[in-house]
Amino acid sequence: MIKKEYPKICDEISGISPYIRFVGIVGKGGELLAYKRRPELKPLLNAKHTQHQFSHIAIKTDLEEFFDESLGEIEFVWEERKKVQTISFGIKKVRVWISIDKKVIRSEMLRIIDSCLPIVKKYAKA
């Protein structure tokens with residue numbers, strides 16, 4: 006996968022649902038490589054906390070690789086918080102991190118996940 010595809014991934018995923026707040030491609034070192042944010046929203050995290058979040062994602066991704074041989078690679082991680090829900094997907098050495106409005110019902114979350122999986126798999130093969 007080449008870097009010019011990162012914005013395409015963000016565009017494709019952000020178009021899945023109006024409840025998607027943010028889609029970002031996070032590199033192995035925690036750097037934000039590309040992103041798309043729903044325009045009318047104010048971010049929940051300030052710049053410093055955003056960088057910490059992306060660093061945390063990178064560290065978790067690195068640690069999770071220890072279990073890939075035994076358990077298989079992670080297809081996605083779904084996290085629910087009080088103010089937002091997040092999903093992350095791995096594509097080769099990067100992580101796609103998506104935040105979604107908290108009040109979305111579970112069936113819509115599952116629809117978003119099911120719609121993201123083919124996109125992720127397409128770019129994982131590229």
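Number 14 in my numbering belongs to position 9 of the sequence shown; there are no gaps in the numbering.
Positions of the beta carbon are idealized from the N, C-alpha and C atoms, including for glycine.
For clarity, every value in this text was computed on a predicted model and none was experimentally measured.
Start and end of the beta strand (DSSP E) containing residue i?
i   : result
Y40 : L37 to R42
I25 : I25 to V31
Can you list, in chain order, the residues of its chain with a C-beta nearer than 6 Å to that of residue i? Leave out the 5 residues immediately preceding and following it.
i   : result
E84 : T91
E17 : I124
G35 : F59, S60 and A63
V82 : S93
How far does the alpha helix (DSSP H) with residue i in it extend, from its first residue to its last?
i   : result
S19 : Y11 to S19
Between the alpha carbons of residue i and residue j, how many angstroms are there, rounded?
i    : j    : result
I62  : V99  : 10 Å
D119 : Y11  : 20 Å
E45  : V28  : 14 Å
R43  : T55  : 16 Å
I21  : C121 : 8 Å
Y40  : C15  : 6 Å
I96  : E74  : 17 Å
E70  : K47  : 33 Å
K87  : V109 : 12 Å
M114 : K9   : 28 Å
E80  : K53  : 28 Å
K107 : L38  : 25 Å
K127 : V101 : 13 Å
H57  : N51  : 10 Å
F72  : A129 : 19 Å
For the putative contact between residue i and residue j, defined by C-beta atoms under 8 Å, what is the C-beta separation to the nearest angstrom?
i    : j   : result
S112 : V89 : Actually they do not touch by this definition, with Cβ atoms about 18 Å apart.
I117 : I30 : Incorrect: roughly 17 Å between the Cβ atoms, too far for contact.
When you compare the CB of residue i with every CB in chain C, is at least one pair closer than 8 Å?
i   : result
K87 : Of the chains in the structure shown, none is chain C; there is only one protein chain.
Under 8 Å Cβ to Cβ from residue i, same chain only, skipping five residues before and after it: list those, please.
i   : result
K33 : A63, T66, D67, K98 and V99
Once the 5 residues before and after residue i are set aside, which same chain residues still bring their CB inside 7 Å of it?
i   : result
L49 : K88 and V89
Checklist entry - Curious, which full-length beta strand (DSSP E) runs of at least 3 residues does the region 52-124 contain? => result 82-85, 89-96 and 99-106
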